[in-house]
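Everything in the sequence shown is counted per our numbering, starting at 1462 for the first residue and increasing by one. Shown next, in structure tokens, is the structure this report addresses.
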Amino acid sequence: MSHPHPELQKPPRLPKNGLRVVGLGGLGEIGRNMTVFEHHGKLLIVDCGVLFPEEHQPGIDVILPDFSWIRDRLDSVVGLVLTHGHEDHIGGVPYLLRERADIPVIGSRLTLALIREKLKEHRIVPKLHEVSEGDRKPYGPFDLEFLAVNHSIPDGLAVGIRTSAGTVLHTGDFKMDQFPLDRRITDLRGFARLGEEGVDLFLTDSTNAEVPGFTMSERDLAPAIEQVFRTAPRRIIVSSFASHVHRIQQVLDTSHAHGRKVAFVGRSMVRNMGVAQELGYLKVPKGLIVPLDQLEKLPAHKATLVCTGSQGEPMAALARMANRDHKIRVGEGDTILMASSAVPGNENAISGLINNLSRWGAQVVHKGNAKVHVSGHASAGELVYCYNIVKPRNVMPVHGEWRHLKANADLAIATGVPEDHVVIAEDGVVVDLVEGHAKIVGKVRAGNVYVDAQTVGGATEATLKDRRTLAEEGVVTVLAIVDADTGTLADPPDFLVRGFVHEPNAFDPAVQVIEKTLARAAAEGIGDPQQLEQLLSREIGRWAHRAFRRSPLIIPLVIDA
Ligand SMILES: [Zn+2]
């Protein structure tokens, strides 16, 4: 198995008949999936998603892949393939198209409808190329073939990429539900046909590689959903991902069967379900869906709400209901059906949400107490099947944290792929396929790009460090009026303290520290207020650490007397 070396350097020139593969996101993390292929001077991008921030990244809206490696070569991009419509695959597209708007965006009907709506909000009119399973179409030196895959959103595609350096098969996100609601199963016959022809590099979804066996069918949830509708005395409030058309279809059908009307709540839910219904992916019995104000006039046992917020997102409908910050008041007798699982990192938020909802007297049905969720990703059993069907020459696991990539690599090796033909790469690692062998050859920049209050890249790691310091250690502002000529304080300094020790006299000893620092600076001829502020920040910081074992953010303001 080939691992990226920590001291990897800039990659060498790509050999004339080689294919270069660089994951700019999604390798070593769950989210912001983006893979770039380079061949004969042209680039093909597969997916461009976002990653959602964790608790240690306060104030960040989303995290984008770093485009700097391709920024100077955007004119060479022949297309952007979107495998499906999830945010971690399409969320970064507006930011990429801001840099070059006319990149052909290639995807299935539903995926393109979702990205078109998203781009409208960013006032971008994209160049969309609709494709469906079975289509084969060249883009520059890349001959693309699209294959149906089943996932937790309809209309997913895997992509076969034929080049003169070899053939790649990229699964996107997928599972192998044999009884999906739309009867559109993962095209294993297509996988086998490509395998027969020869797949030189196989990129596979690693999300569930650690999970043994097979992922259950979406239809297996029907009994638990039915149970909720049969027993709920009053309102039913269902939370789900706003893109999980088939999960919501099951809720609609069951609601209909039990004589309940349904209202959608939450902007993305209303928008996506509108798109899905219009295109025929969501089948809605006549008169079933009503506006929220109309639903509120019905008796409680006739009402179902379908809303966003299954991940505990604080601004989404469900969390606002739980915090009594929404016109829907959750109360005694309501049943909440959380038809989803936790995305890693959201467990605490979801647990808090369940507690809040329970406090108001609601019955909460979730993955932990009923069979109300199945994963959208292939488990180890399905992955092994795929390796045996495709018989790839080289394997590169994608979409996963290190543990998932490693587990997926081990599965490939177990099916007989030679160890030195299995590549584990993290974001930015450059993999070249040359003469049938995929190898790590270098590394390019692939850091986090933060979107913060609508600005891209404005917040940096340093900003986040300041925010964490503010949150954990507090802040001390020191106002010092200084006579620059003598290096003495013209007045006693003022200390403004937030989130730190509030003892009135706690800072008395710091006055001495300030006086000493100013005297030393004057002796060395340092009188510039900015330089003095830097010195004071360091010295007061050291003193605070000695005195309190804490490191608050120190902001000195030096004013010339
Ligand atoms: Zn997905």
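Glycine residues also receive a C-beta, built at the ideal position from the N, C-alpha and C atoms.
Check, Outcome
"M1782 - DSSP class collapsed to helix/strand/coil", "helix"
"Cβ-heavy atom distance, I1614 to ligand 1, below 7 Å", "yes"
"Reduced DSSP category for D1661 - H, G, I as helix; E, B as strand; rest coil", "coil"
"The segment 1875 to 1886 contacting the segment 1520 to 1540, beta-carbon criterion three pairs below 8 Å", "no"
"Reference V1974, options V1892, L1950, R1959 and H1547, closest by Cα", "L1950"
"Contact the segment 1918 to 1930 vs the segment 1505 to 1519: 3+ CB pairs below 8 Å", "yes"
"Under 5 Å, CB to nearest heavy atom of ligand 1: contacting residues", "H1547 and D1634"
"Rounded Cβ spacing between S1716 and T1765 (contact assumed at less than 8 Å)", "4 Å"
"Cβ-based neighbour list, L1759, same chain, cut-off 7 Å, excluding 5 preceding and 5 following", "K1722"
"When P1476, V1539 and I1551 are compared against M1495, the one with the closest alpha-carbon", "I1551"
"Candidates L1571, H1500, A1783 and Q1995: closest to G1822 by CA position", "A1783"
"Cβ-based neighbour list, E1560, same chain, cut-off 8 Å, excluding 5 preceding and 5 following", "F1528, R1532 and L1535"
"Of the residues V1890, A1907 and S1812, the one placed nearest P1473, counting alpha carbons only", "V1890"
"Environment of N1817 [buried if 16+ CB atoms lie within 10 Å]", "buried"
"Given 8 Å, three or more beta-carbon pairs between the segment 1705 to 1712 and the segment 1610 to 1617", "yes"
"Check whether K1588 and P1555 have beta carbons under 8 Å apart", "no"
"Length of the line joining the Cα atoms of V1910 and A1920", "8 Å"
"A1609 classed as buried or exposed, judged by whether at least 16 other C-beta atoms fall within 10 angstroms", "buried"
"Exposure label - A1932; buried when at least 16 CB within 10 Å", "exposed"
"Contacts around S1700, its chain only, beta-carbon distance under 6 Å, and the 5 residues preceding and following it disregarded", "C1768, G1770, S1771, L1779 and M1799"
"Proximity of D1954 and V1972 at Cβ, strictly below 8 Å", "Checking the sequence shown, residue 1954 turns out to be Pro, not Asp. Yes, they are a contact pair."
"Run of the beta strand (DSSP E) containing R1623, from where it starts to where it stops", "G1617 to T1624"
"Assigned secondary structure, I2020 (DSSP; H/G/I helix, E/B strand, else coil)", "strand"
"Which residues DSSP lists as bridging T1916, in chain order", "D1913"
"Endpoints, beta strand (DSSP E) assigned at K1977", "First-last for K1977: D1969 to A1984, but that is the alpha helix (DSSP H), not the beta strand (DSSP E)."
"CB contact check: T1769 to chain C, cutoff 8 Å", "Judged by its chain identifiers, the structure shown contains no chain C, having just a single protein chain."
"Nearest to S1593 (by Cα), restricted to the options D1634, V1958 and T1544", "T1544"
"CA-to-CA distance, G2002 to P1565, given in whole angstroms", "53 Å"
"Where the alpha helix (DSSP H) containing Y1556 begins and where it ends", "V1554 to E1560"
"Minimum C-alpha distance to V1851 - residue among S1625, G1479 and F1652", "F1652"
"Exposed unless 16 or more other CB atoms sit within 10 angstroms - verdict on P1514", "buried"
"Separation of D1913 from L1655, as counted between CA atoms", "43 Å"
"Beta-carbon proximity of E1862 to G1489, cut-off 8 Å", "yes"
"Cβ neighbours of D2021 in the same chain (closer than 7 Å, five flanking residues each side left out)", "V1943, A1945 and P1990"
"Cβ-based burial, K1904 [other Cβ within 10 Å; buried from 16]", "buried"
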